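Encoded as structure tokens, the structure appears first; notes follow it.
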Amino acid sequence: MSSHSLASVLARLKQLTGSATDVQLARALDVSPQTLSSWKVRDSIPYSLCVLVARKHPCTLDWLLLGEPHERSPAPANDAWENDVLERLRGLSSADRQAILLHIEDKQRIQQLEQQLQALNANCAGANAG
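Encoded structure:
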């Protein structure tokens, strides 16, 4: 792999993971910055890692390794917020992710109860008007 190819692959990896720097990319790939640096020195990146990334993110190996467009190209920019949230969640401990999940479930229950309350209020208002 030429240095230009590796730089392109790393740029596409940064795009997929929402990373602006090598340190952020290393964190997103769950490797040390030194490992990422050694890939640059060797002008090589583990193929198995590329396969995992392509499975995890909306892209093909053709796009990731060669830059060739494909129907499963990366998510549009308007999904950047969701990608950012997902990357942040992936960086949390299992216990923290579980706590967030419980909070989401609580919020959904509250929203459901609010909808039921609005429906009951509407029914009461309709019964009082008639």
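Following this note's numbering, the numbering of the sequence shown begins with 985 at its first residue and continues without gaps. Note that CB positions come from ideal geometry on N, CA and C, so glycine has one too. All figures in this text were calculated on a predicted structure; none of them were measured in a lab.
* To do: May I ask you to report which of helix, strand or coil DSSP gives Gly1110?
  => Reduced to three states, the DSSP call for Gly1110 is helix.
* Asked: Of all the options Ser1078, Ser1032, Ala1012, Leu1033, which has the alpha carbon lying nearest to the alpha carbon of Asn1067?
  -> Here the closest residue by C-alpha is Ala1012.
* In the DSSP assignment, find the alpha helix (DSSP H) that holds Ser1032 and state where it starts and stops. => DSSP places Ser1032 inside the alpha helix (DSSP H), whose first and last residues are 1031-1040.
* CB contact flag (Thr965, Glu1071, <9 Å) -> Nothing can be reported for residue 965, as the shown portion of the chain is limited to 985 through 1114.
* Report the residue from Leu1097, Gln1099, Val1015 whose alpha carbon sits nearest the alpha carbon of Pro1030. => The shortest Cα separation from Pro1030 among Leu1097, Gln1099, Val1015 belongs to Val1015.
* To do: Grab me the residues of Pro1017's own chain with a C-beta within less than 8 Å of its C-beta, minus the 5 sequence neighbours each way, in chain order.
  => Closer than 8 Å at the Cβ level, and outside the excluded window around Pro1017, lie Asp1006, Val1007, Ala1010.
* Asked: With 16 other CB atoms within 10 Å as the buried threshold, where does Trp1065 fall?
  -> Burial is judged here by how many other beta carbons sit within 10 angstroms of a residue's own beta carbon; Trp1065 has fewer than 16 and is exposed.
* Asked: Taking buried to mean at least 16 other C-beta atoms within 10 Å of its own C-beta, is Cys1043 buried or exposed?
  -> Buried, by the Cβ-count rule.
* Which residues in the same chain have their Cβ closer than 7 Å to the Cβ of Ser1003, if we skip the five residues on either side of it in sequence? -> Counting only Cβ-Cβ distances below 7 Å, and skipping sequence neighbours, we find Leu1009, Ala1012.
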